[in-house]
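Numbering (my numbering), first residue to last: 62 to 685. A quick write-up on the structure given underneath.
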């Protein structure tokens, strides 16, 4: 009985096992069938995509043939009416809606020009919002060259390298005559007078030039200095600072106001605000007694300097400015960059401009630049304390004696004109836009008090560049990259508006300049209308951006990245020099080659601090 039971159990177990195996086999067979079906669907999908690809290729070929036929007909057209009719058919037909295919095919059907403004480049750059405020690269005076000049004076940078920086920007600036009835002249230059029939991308340069005339009256100056006297300033730095402040006082008129605040761990008023007048000798004696101590509390120094600038009794039309001089980082008191920058913004709302001077190699450059930006003032990076006096003198002569204030350039583009790029600039963040709007309103109020003039509230729209004060004899350019659709007749591109307070004639000035571009019968005909001056500007701005990026990479210890960036730009300049027949571009390529050679060494000009300064100075000169 026991044996029979055991056999029954074995038989039952075997049956169960066989059942399990059968079930497993069925499961695997079902999965294999599912996989085969998935493979079949995948193969069918691939075949369908391949067929769609072939169909698209056939369609593109067909469109290409039609496009080539159209170009031929346009070239042979005898009159404008015939060309207009051909383009009307093009726009209304299926080819007119195939923008991407049209752009690619157009580039393959025409000869590429040296600036490569074919439509495939347009497709690679998405249009950006043509409304909003953009940062400007304009800096009054020669602050961007002060550090470079100091390095040359000390022998850190050889005299022969002066050409890398000093002569670069002027080669890209147009010569503009300023009429007798204007403080600022404006000129708009398209890259070429006529576009090819298919339209595409092109550049437009907007150039400003200030008059060399001196304003009718020297403004009443109210100058307030916040001087860092922390321990790091001991020795030559504080000695040079004393000399610079005394030289500044000597340049002020007896009726001008002056105060001196020193700060270390805390801030102290060394010279109370008020007219220089008979106090000049006493002021100088106070300056000579300045000594170094403690840490660095920039916030305390700024706050106390602003209080001096806000003291009652200052003439209503006075140009009020605070100079901040520091060689370090704010390590005591308020040290948050945003909070310190906001102090400068609030001061400007009260009509007080702030210029900052960073000394040496360990100051907080981002903070000092931000304070100057929010305070609508100049920013100077000085490698040598001996350059403090020239920097302050420049501020008095140019920054505080502008021929125009509250300068705004606004570009309103037509709906069918795309904005692709603004060189050397960026769109302001929302907080920055709000700050700039505040600065603009304050500048208008300040200018009204100074000159007795008023400017109506402006309409919204367009891209806007704001310059609080434009220095006498200064020049600046903006470079835009735009794109237009196909066309035949002249196309209106938009309107450029220039508004400013004229301090020479003491009046408001508003200019509205419409600008347009025409179309020619072929790309070759279009290329023949190129403006060599704008072509140089395009290369100059691109080189400036590359130099600024290289300076940033050097500061971040990315030597290889900076080297590659300049090598690429050097090759582009050499190609452009050959194709445009511009030997000056070849000279620029050689300058970049010299800069790359300096990167091979870690000393002298190759020192990261010196090299970054040199690259930034060269970049700002190109973008100025």
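Note that beta-carbon positions come from the ideal geometry of N, C-alpha and C, so glycine has one too. Every value quoted in this text rests on a predicted model; they were computed, and no experiment measured them.
Residues bridged to residue i [DSSP beta-bridge criterion]
i, result
"residue 580", "256"
"residue 531", "465"
"residue 689", "Because the chain in this structure spans residues 62 to 685, residue 689 falls outside the shown range and cannot be described."
"residue 329", "323"
"residue 683", "In the DSSP output, where bridge partners are listed per residue, residue 683 has none listed."
"residue 524", "193 and 472"
"residue 225", "According to DSSP, residue 225 bridges with nothing at all."
"residue 382", "284 and 414"
"residue 571", "560"
"residue 441", "418"
Short Cβ contact (8 Å threshold) for residue i with residue j
i, j, result
"residue 536", "residue 369", "no"
"residue 484", "residue 256", "no"
"residue 300", "residue 453", "no"
"residue 480", "residue 188", "yes"
"residue 475", "residue 264", "no"
"residue 195", "residue 449", "no"
"residue 383", "residue 238", "no"
"residue 409", "residue 470", "no"
"residue 477", "residue 250", "no"
"residue 320", "residue 332", "yes"
"residue 446", "residue 678", "no"
"residue 570", "residue 272", "no"
"residue 391", "residue 401", "yes"
"residue 529", "residue 437", "yes"
"residue 318", "residue 334", "yes"
"residue 598", "residue 266", "yes"
"residue 252", "residue 596", "yes"
"residue 258", "residue 546", "no"
Residue i to residue j span [Cα, whole Å]
i, j, result
"residue 641", "residue 534", "31 Å"
"residue 667", "residue 433", "29 Å"
"residue 634", "residue 649", "7 Å"
"residue 280", "residue 380", "7 Å"
"residue 181", "residue 544", "Its pLDDT being 38, under 50, residue 181 is placed unreliably in this model, and the coordinates cannot settle the point."
"residue 360", "residue 566", "39 Å"
"residue 223", "residue 558", "37 Å"
"residue 276", "residue 243", "12 Å"
"residue 365", "residue 285", "10 Å"
"residue 467", "residue 197", "13 Å"
"residue 527", "residue 282", "23 Å"
"residue 262", "residue 621", "32 Å"
"residue 309", "residue 602", "35 Å"
"residue 613", "residue 582", "44 Å"
"residue 674", "residue 415", "23 Å"
"residue 184", "residue 234", "Residue placement at residue 184 is flagged as unreliable, the pLDDT there being 36, under the threshold of 50; the coordinate-derived value follows with that caveat. The alpha-carbon atoms of residue 184 and residue 234 are separated by roughly 29 Å."
"residue 586", "residue 199", "36 Å"
"residue 607", "residue 338", "50 Å"
Residues near residue i in its chain [Cβ-Cβ closer than 6 Å; skip 5 each side]
i, result
"residue 490", "Because the pLDDT at residue 490 is just 49, under 50, the model does not fix this residue reliably, and the point stays unresolved."
"residue 611", "623, 626, 627 and 676"
"residue 417", "385, 429, 432, 433 and 440"
"residue 160", "With a pLDDT of 42 at residue 160, under the threshold of 50, the predicted position of this residue should be treated as unreliable, though the coordinate-derived value follows. Closer than 6 Å at the Cβ level, and outside the excluded window around residue 160, lies no residue."
"residue 404", "363"
"residue 572", "559"
"residue 647", "638"
"residue 421", "388"
N-terminal and C-terminal residue of the alpha helix (DSSP H) that residue i is part of
i, result
"residue 649", "644–659"
"residue 545", "Unbroken run through residue 545 is the beta strand (DSSP E), 536–545; no alpha helix (DSSP H)."
"residue 617", "Premise fails: residue 617 is in no alpha helix (DSSP H) and is neither H nor E."
"residue 341", "341–349"
"residue 218", "Counting along the chain, residue 218 falls outside any alpha helix (DSSP H), and DSSP gives it neither H nor E."
"residue 237", "Taken as a continuous stretch (DSSP letters only), residue 237 belongs to no alpha helix (DSSP H), as it is neither H nor E."
"residue 367", "359–370"
"residue 292", "Where residue 292 is concerned, there is no enclosing alpha helix (DSSP H), given that its DSSP letter is neither H nor E."
Sequence-distant residues of the same chain with beta carbon closer than 7 Å to residue i, five excluded per side
i, result
"residue 605", "485, 680, 683 and 684"
"residue 411", "371"
"residue 355", "291, 292, 325 and 326"
"residue 654", "631"
Span of the beta strand (DSSP E) around residue i
i, result
"residue 561", "552–563"
"residue 390", "Counting along the chain, residue 390 falls outside any beta strand (DSSP E), and DSSP gives it neither H nor E."
"residue 419", "413–420"
"residue 261", "261–271"
"residue 481", "479–483"
"residue 251", "245–251"
Sequence-distant residues of its chain with Cβ nearer than 8 Å to residue i (five each side left out)
i, result
"residue 551", "577, 578, 579 and 580"
"residue 297", "446"
"residue 657", "624, 627, 628 and 631"
C-beta neighbour in chain D for residue i, strict 8 Å
i, result
"residue 449", "In the displayed structure, chain D is absent; only one protein chain is listed."
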